[in-house]
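Accompanying notes for the structure given below.
In the UniProt record's numbering, the protein residues as written are 1 to 649.
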């Protein structure tokens, strides 16, 4: 019988000897979290013995520190006029038999309940098989229904990655933003939100003006078509160096103390003129800029695809309209918080509650707009376009002050409700990434190539691992495995911490890599051999392999039952991925023991219960990987049958 409905689940539980004595103690979570069934059953027994409130009984139960058994903390039952250890002793003596637990042991004020693993297997394996891909998607109660039409669901705009076309290249912060943002967008989608993935490119301002100034001197149409990202970086680097040479020459000619001599070089003047022509809409300058942008975006689409990332919109500073910028400036002036100085127009954050924000430039004295002003105007335009319920900026903690300014400026514009919809999803710094030898900067393509080459080296030197991918194109597999290593390495780190990105070590970090997850997924799938688990037979099959503790199967059950709770707490509530990565690696730690036990078995014939255990392991690994946007090779809905590929988030 199917367990996906509450009624069907209760009939199933009755059939395996875990009846519900008091419906009030049945948690509303039992249809998505099997551990809640164990808690509810134990709570029912406690209510029978003590007549305490069912919710109090439920909350008295916790996992043991080593996650091998459940613990009832006697004082939490709130039984008056009895000492906690005496209560525990009395309950231990009177506790009724249970199909799910052995007789409890007393440990001071605690009662220890160890599972009957045969019953636990009869409960858990059909439960996971029934849910398949949905196992672990335990959503908080206040989230929208993912089955609702988009028009009826909450909308979130996730702004992530957001590299500059020139100037800083694609550094470690852009990389972290890309991977974390992809995870965040995927999570909100699972939670039932209508998600807009937005890439806000740094495609305007003085760096673009300097690039335009250098194009006539160093630009090549052929090189631009071949690799636009690298060529615009090369041109930018060359004109930037020429500008430094001009500064040094003028400094030597005019003398150290003549500060005015250093005010503006010829190249800087040309840069400023290009910026002004862009702001004024000069068609020739705009056509050149559009060529740069279009070719770079096309290249980025190809590169993001290697990570399984797609965007709904490639926006940018350039897309913010003059009308909206003027609207922002006029409103700030009307509210007496926008004043002209010698440096330009300044936004005044002067109230006591805005302490620390200071005065921030909105428009320079030469008439060009700043990043802050364009970002403020972009908020208004996105709200009008998407009518979002929330907008999340996935940007490093370095920009905390900037987003405080954006949020406060939106409030000063008279939109306090809109300001409250803005969130900064920050993360720590990065170290370790260095440009490819001879390159003018860091590029996403080079980073992915290094990841691919590191994975390729592992496949070439580890015949056991490479054998699991025999028959597939080695370059395609290495590229996908390299991207998986990068994704798992990043999402396995605490978001707030500074991370050191070492591409070579992440491919050779033993059992704790993306490659290892895929390797064991493939091993389990091969062992299953495409067998179909007969759900009806599963209810009556022999579960004797789960008796005793000498084999690892009981450990597997106790680990599998934790997955929905971990996913709910850390992914869907805290939006933190690292605990799920750790959980999946804990699953991998058990795999060698399982295979060792398999090799020592007297018979090679696979029992249905053992095959069901393998299927549940495979499904849980897959579901955990999909939380990160990764689709393992050979899984249902895998879009590349000849290689692993990350799932487009």
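The beta carbon of each residue, even a glycine, is placed where N, CA and C say it ideally should be.
The structure displayed is predicted, hence computed values, not measured ones.
Host alpha helix (DSSP H) of residue i (start-end)
i: residue 405; result: 400-412
i: residue 179; result: 172-190
i: residue 494; result: Premise fails: residue 494 is in no alpha helix (DSSP H) and is neither H nor E.
i: residue 324; result: 322-334
i: residue 300; result: 283-306
i: residue 623; result: 608-626
i: residue 248; result: 228-254
i: residue 556; result: 553-560
i: residue 550; result: No alpha helix (DSSP H) contains residue 550, which DSSP labels as neither H nor E.
i: residue 266; result: 266-280
i: residue 14; result: 6-15
i: residue 565; result: 563-566
i: residue 516; result: 514-528
Nearest to residue i (by Cα), restricted to the options the options
i: residue 230; options: 376, 441 and 504; result: 441
i: residue 611; options: 293, 128 and 368; result: 128
i: residue 155; options: 176, 366, 77 and 388; result: 388
i: residue 306; options: 477, 224 and 472; result: 477
i: residue 126; options: 632, 614, 625 and 623; result: 614
i: residue 401; options: 28, 434 and 359; result: 359
i: residue 618; options: 525, 535 and 586; result: 525
i: residue 651; options: 204, 489, 436 and 450; result: This structure cannot settle anything about residue 651, because the visible part of the chain is limited to 1 through 649.
i: residue 413; options: 390, 382, 549 and 377; result: 377
i: residue 244; options: 436, 265, 551 and 72; result: 265
i: residue 75; options: 91, 69 and 64; result: 91
i: residue 598; options: 505, 545, 582 and 270; result: 545
i: residue 561; options: 173, 68, 338 and 449; result: 68
i: residue 627; options: 484, 580 and 98; result: 580
i: residue 214; options: 275, 252 and 226; result: 275
i: residue 62; options: 82, 49, 17 and 114; result: 114
i: residue 169; options: 109, 237 and 123; result: 237
i: residue 589; options: 242, 190, 621 and 197; result: 621
Beta-bridge partners of residue i, as assigned by DSSP
i: residue 343; result: DSSP, once it has assigned bridges, lists no residue as partnering residue 343.
i: residue 200; result: 315
i: residue 364; result: 344
i: residue 459; result: Answer is none; residue 459 lacks a bridge partner.
i: residue 194; result: 155
i: residue 472; result: Per DSSP, none; premise fails for residue 472.
i: residue 499; result: 430
i: residue 112; result: 71 and 105
i: residue 134; result: Bridge partners of residue 134: none, in fact.
i: residue 369; result: 363
i: residue 164; result: 202
i: residue 338; result: 347
Start and end residues, beta strand (DSSP E) containing residue i
i: residue 73; result: 70-73
i: residue 423; result: 422-424
i: residue 107; result: 105-107
i: residue 390; result: 390-393
i: residue 61; result: 61-63
Classification of residue i by the beta-carbon crowding that lies within 10 angstroms, buried from 16 upward
i: residue 300; result: buried
i: residue 498; result: exposed
i: residue 58; result: buried
i: residue 285; result: buried
i: residue 420; result: exposed
i: residue 254; result: exposed
i: residue 645; result: Its pLDDT being 43, under 50, residue 645 is placed unreliably by the model, and nothing is read from it.
i: residue 171; result: buried
i: residue 28; result: exposed
i: residue 405; result: buried
i: residue 93; result: exposed
i: residue 6; result: exposed
i: residue 259; result: Note that residue 259 scores 49 on pLDDT, short of 50, meaning its location in the model is unreliable and no value can be drawn from it.
i: residue 531; result: exposed
i: residue 82; result: exposed
i: residue 212; result: buried
i: residue 283; result: exposed
Nearest-angstrom Cβ-Cβ length linking residue i and residue j, presumed shorter than 8 Å
i: residue 192; j: residue 131; result: No, residue 192 and residue 131 are not in contact; Cβ-Cβ is about 17 Å, not under 8 Å.
i: residue 303; j: residue 102; result: Not really, about 56 Å apart at Cβ, beyond 8 Å.
i: residue 200; j: residue 181; result: Contact doesn't hold; Cβ gap of about 11 Å is too wide.
i: residue 317; j: residue 374; result: 5 Å
i: residue 272; j: residue 209; result: 7 Å
i: residue 394; j: residue 425; result: 5 Å
i: residue 454; j: residue 503; result: 5 Å
i: residue 391; j: residue 382; result: 7 Å
i: residue 176; j: residue 430; result: 6 Å
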